[in-house]
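K.L.:
My structure is below; once you've seen it, I'll send some questions.
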Amino acid sequence: MMELLKKTPLNKVHHELRARMIDFAGWQLPVWYTSILEEHRAVRSGAGIFDVSDMGRVWITGRKAAAFLDRLLTKRAGRLEIGSSQLCLLCLEDGGILDDLLAYRVGTDQYLIVWNAGDIEQKLGWLQRWAGSDPDIVIQDKTADTVMVAVQGPAVCQLRNLKGVCHLPRFGHTRARIEDVEVLAARTGYTGEDGFEIIADAANALRLWGSFMRRGVKPCGLGARDSLRLEAGMLLYGRDMDKSTNPFEAGLGWLVEMDNGDFIGKSALLEIKRQGVKRKHIGFRMTGQGIARLGYKIVRCGQEVGQVTSGGYAPTLNANIGFGHVPIELATIGTDIEIMIRNKPVAAKVVNRQFYKRGAQNEPPRI
Amino acid sequence: MNPQEYKYTPEHEWICPESKDKGKVGLADYAQSQLGDIVFLYLPAPGTQVKQGKKMGEVESVKAVSDIFAPVSGQVLEVNQTVIDEPGLVNKDPYGAGWLLRLELSKPPELDALMDSDEYDKLIAQLSEEESEQTED
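Protein sequences appear in the order of chains U and A. Mapping of the first sequence onto the numbering used here: residues 1147 to 1513, in sequence order. Mapping of the second sequence onto the numbering used here: residues 265 to 401, in sequence order.
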């Protein structure tokens, strides 16, 4: 039996736009509308809109909300200013990553966390387990009652319907009205461009989406979401990291505040840090011809040394790039590695993971 | 939509017979629409012997990699260098400028096993119907 796919409040719109739909973490979502390349380029040069309603939206409220999140997250939620948000990790006791998420402080005792679509039951169970029956910690998953869109690209602040939120700093958020729809808008994203992530009641989904369609914002699917984040050096949970990966291996040590009281996983992470990591998540650029994909082997002198965790064609760079795990001694930038493609080793080089940087000159590779 | 004089495989390759024993080969429109933006083609070099129904190359789109099968047996005479340099031509013009290679057929009667355009149109209609049923569920 095929499991029934969850549908976002914008599902009908995607079908009307004749999008190609796929199953993503149990959700039926568009992989592209017209073309991944066109959608990718629209976000790099203008503006695109994504239905990101699959992302989980969980409200944590109550008198002990801040203390609760401080205990669970790798960055201190209690220090976060109201109207701001931060990227952080949810770690297990052994330091393995359960998810990466954005924590927004909406009020003194009000937080919103936005996390990945996968393993929702397990993650909610984890929160419940640590909250226990404390009446001062209230956990509400509002994913099904709300819609979330990401509007991304250098031209977003030329859109008149976003005029009211363009004063926000990066990671800032505010309640606002867009096309008479009450929203929570945050200056965040997963594309490496300027942009907003906007949450509203599910009932207003079509109105919100339509407001951007009318202004010529290009609908973009999961394909472009993936190629854009890869170029921008952003990791995807479930591929580039999972429960068996610790933040230091993942190159996400900057999301861990060791002076942050006692959070779950801290003692394990201190020990891991003391011992030093044995493998590392790296970026690579193909210097030979071929595209590396998830699961391909990374080799050196005929020996398997690691695996590709994300890979593909980078439209903005016109190069083939990827991420993977390798032993720490091979993680230095400039190291030559090979990727097994069609049973043949193809040359690649370890490079900085941030392949694309907004505003920087991204010259095509000189190979 | 699918040219009448071409022959088609169930894996969505086409062959356009140019003479008794020569033909141009490419990917059908349905294949390119399923794959999305094509960014890399891996094709056999001229001189290579290929066998009907066997893998002879690969096509990489932004999203995925997929095999290309030989529609008939024979020897590769020529590879379309233009499409190697600009793989997006397969998306733009699958039956024209996006052709992949030319073959010298070693067994011309193999062509009879392929679908003509009427049969192939029916297959595509059927596949499209199944697809829309799936997505509307």
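The C-beta atom is built at its ideal place from N, Cα and C for all residues, glycine as well.
For U:Asn-1466, name the three-state secondary structure that DSSP assigns.
P.N.:
Here U:Asn-1466 sits in strand by DSSP.
K.L.:
Should the segment 1408 to 1419 of chain U be regarded as contacting the segment 1467 to 1474 of chain U, the criterion being three or more beta carbon pairs within less than 8 Å?
P.N.:
No: the two stretches stay apart, fewer than three of their Cβ pairs being nearer than 8 Å.
K.L.:
Look at the Cβ atom of U:Leu-1368, then the Cβ atom of U:Phe-1170, and state whether they are nearer than 8 Å.
P.N.:
A contact, by the Cβ cut-off of 8 Å.
K.L.:
Using 8 Å as the limit for Cβ to Cβ distance, is A:Val-326 near chain U?
P.N.:
Chain U, which has a Cβ nearer than 8 Å to the Cβ of A:Val-326, makes this yes.
K.L.:
Going by CA-CA distance only, name the one from U:Thr-1433, U:Phe-1430, U:Ser-1456 that's closest to U:Arg-1439.
P.N.:
Minimum Cα distance to U:Arg-1439 is reached at U:Ser-1456.
K.L.:
Which residue's Cα is closest to the Cα of A:Asp-285: A:Lys-318, A:Val-340, A:Ala-295?
P.N.:
If we check each option's Cα against that of A:Asp-285, A:Val-340 comes out closest.
K.L.:
For U:Ala-1396, does the count of other Cβ atoms within 10 angstroms reach 16, so buried, or fall short, so exposed?
P.N.:
Buried.
K.L.:
Helix, strand or coil for U:Glu-1403 per DSSP?
P.N.:
Three-state result, U:Glu-1403: coil.
K.L.:
Give me the residue from A:Ile-388, A:Leu-369, A:Glu-395 with the minimum Cα distance to A:Glu-282.
P.N.:
Nearest option by C-alpha distance: A:Leu-369.
K.L.:
What is the DSSP secondary structure of U:Ala-1332, reduced to helix, strand or coil?
P.N.:
Strand.
K.L.:
Of all the CB atoms in chain U, is at least one closer than 8 Å to the CB of A:Glu-238?
P.N.:
Absent from the structure is residue 238 of chain A, since the part of chain A shown begins at 265 and ends at 401.
K.L.:
Could you round the C-beta distance between U:Ile-1437 and A:Glu-324 to whole angstroms and report it? I think they count as a contact, below 8 Å.
P.N.:
Rounded, the Cβ-Cβ distance is 5 Å, consistent with contact.
K.L.:
Would you kindly check if the distance between the Cβ of A:Leu-375 and the Cβ of A:Tyr-272 is under 8 Å?
P.N.:
Going by C-beta atoms, A:Tyr-272 is not nearer than 8 Å to A:Leu-375.
K.L.:
Starting from A:Trp-363, follow the beta strand (DSSP E) in both directions and report where the run begins and ends.
P.N.:
Counting along the chain, A:Trp-363 falls outside any beta strand (DSSP E), and DSSP gives it neither H nor E.
K.L.:
Would you check if the distance between the CB atom of U:Ala-1249 and the CB atom of U:Ala-1223 is smaller than 8 Å?
P.N.:
It is a contact, given that the beta carbons lie within the stated cut-off.
K.L.:
Establish whether the CB of A:Phe-333 and some CB of chain U are separated by less than 8 Å.
P.N.:
No - not a single Cβ of chain U is within 8 Å of the one on A:Phe-333.
K.L.:
With burial defined as no fewer than 16 other Cβ atoms inside 10 Å of the residue's Cβ, what is the status of U:Asn-1498: buried or exposed?
P.N.:
Classification for U:Asn-1498: exposed.
K.L.:
Should U:Val-1284 and U:Arg-1203 be called a contact, given that it needs their Cβ atoms to be closer than 8 Å?
P.N.:
No, these two residues do not count as a Cβ contact at 8 Å.
K.L.:
Is the segment 1147 to 1167 of chain U in contact with the segment 1300 to 1308 of chain U, if contact means three or more CB pairs nearer than 8 Å?
P.N.:
Touching, no.
K.L.:
Using the Cβ count rule (16 or more neighbours within 10 Å means buried), how would you classify U:Arg-1512?
P.N.:
Interpretation of U:Arg-1512 is limited by its pLDDT of 41, a score under 50 that renders its predicted location unreliable; no figure is taken from the coordinates.
K.L.:
Am I right that A:Gln-298 and A:Asn-355 are in contact with their C-beta atoms under 8 Å? What's the rounded C-beta distance?
P.N.:
That pair is no contact at about 11 Å.
K.L.:
Quick one: list the residues of chain A neighbouring U:Leu-1183, beta-carbon separation under 7 Å, in chain order.
P.N.:
By Cβ distance, chain A contributes Asp-301, Val-326.
K.L.:
Please list, in chain order, the chain U residues whose beta carbon lies closer than 8 Å to that of A:Glu-322.
P.N.:
Within 8 Å Cβ-Cβ: Arg-1488.
K.L.:
Report the rounded CA-to-CA distance for U:Ala-1263 versus U:Ser-1199, giving the unit in angstroms.
P.N.:
The alpha-carbon atoms of U:Ala-1263 and U:Ser-1199 are separated by roughly 9 Å.
K.L.:
Quick one: give me the first and last residue of the alpha helix (DSSP H) that U:Ala-1370 is part of.
P.N.:
Segment 1368 to 1377, the alpha helix (DSSP H) holding U:Ala-1370.
K.L.:
Quick check: U:Leu-1233 and U:Arg-1251, are their CB atoms within less than 8 Å of each other?
P.N.:
No, the Cβ-Cβ distance between U:Leu-1233 and U:Arg-1251 is not below 8 Å.
K.L.:
Starting from U:Val-1177, find everything on chain A with Cβ-Cβ shorter than 9 Å and list it in chain order.
P.N.:
Near U:Val-1177 (Cβ distances below 9 Å), the residues of chain A are Gly-300, Lys-327.
K.L.:
Looking only at C-alpha atoms, which of U:Met-1359, U:His-1427, U:Gly-1338, U:Asp-1386 sits nearest to U:Gly-1518?
P.N.:
There is simply no residue 1518 of chain U to check, as chain U begins at 1147 and stops at 1513 in what is shown.
K.L.:
Can you tell me which of U:Leu-1476, U:Phe-1317, U:Asp-1386, U:Ala-1322 puts its alpha carbon nearest to the alpha carbon of U:Leu-1308?
P.N.:
Checking every option, the nearest Cα to that of U:Leu-1308 belongs to U:Ala-1322.
K.L.:
Specify, as a first and last residue, the run of the alpha helix (DSSP H) that U:Lys-1269 falls within.
P.N.:
From DSSP, the alpha helix (DSSP H) with U:Lys-1269 extends over 1266 to 1277.
K.L.:
Starting from A:Asp-349, trace the alpha helix (DSSP H) both ways and give me its first and last residue.
P.N.:
A:Asp-349 -> alpha helix (DSSP H) spans 345 to 349.
K.L.:
Does U:Ile-1437 get closer than 8 Å to chain A when you measure Cβ to Cβ?
P.N.:
Chain A contact via Cβ: present.
K.L.:
How would you write the range of the alpha helix (DSSP H) that U:Gly-1202 sits in, first residue to last?
P.N.:
Careful: U:Gly-1202 lies outside any alpha helix (DSSP H), inside the beta strand (DSSP E) at 1202 to 1207.
K.L.:
Within a Cβ cutoff of 8 Å, which residues of the same chain sit near U:Gln-1453, ignoring the five residues on either side of it in sequence?
P.N.:
Once the five neighbours on either side are set aside, the close Cβ partners of U:Gln-1453 are Gly-1441, Tyr-1442, Lys-1443, Ile-1444, Gly-1470, His-1471.
K.L.:
Looking at C-beta atoms only, is the number of pairs between the segment 1424 to 1433 of chain U and the segment 1474 to 1484 of chain U that lie closer than 8 Å three or more?
P.N.:
A contact exists between the segment 1424 to 1433 of chain U and the segment 1474 to 1484 of chain U.
K.L.:
Check the C-beta distance from U:Leu-1244 over to U:Lys-1269 and give it rounded, since I have them as a contact under 8 Å.
P.N.:
6 Å between Cβ atoms; contact.
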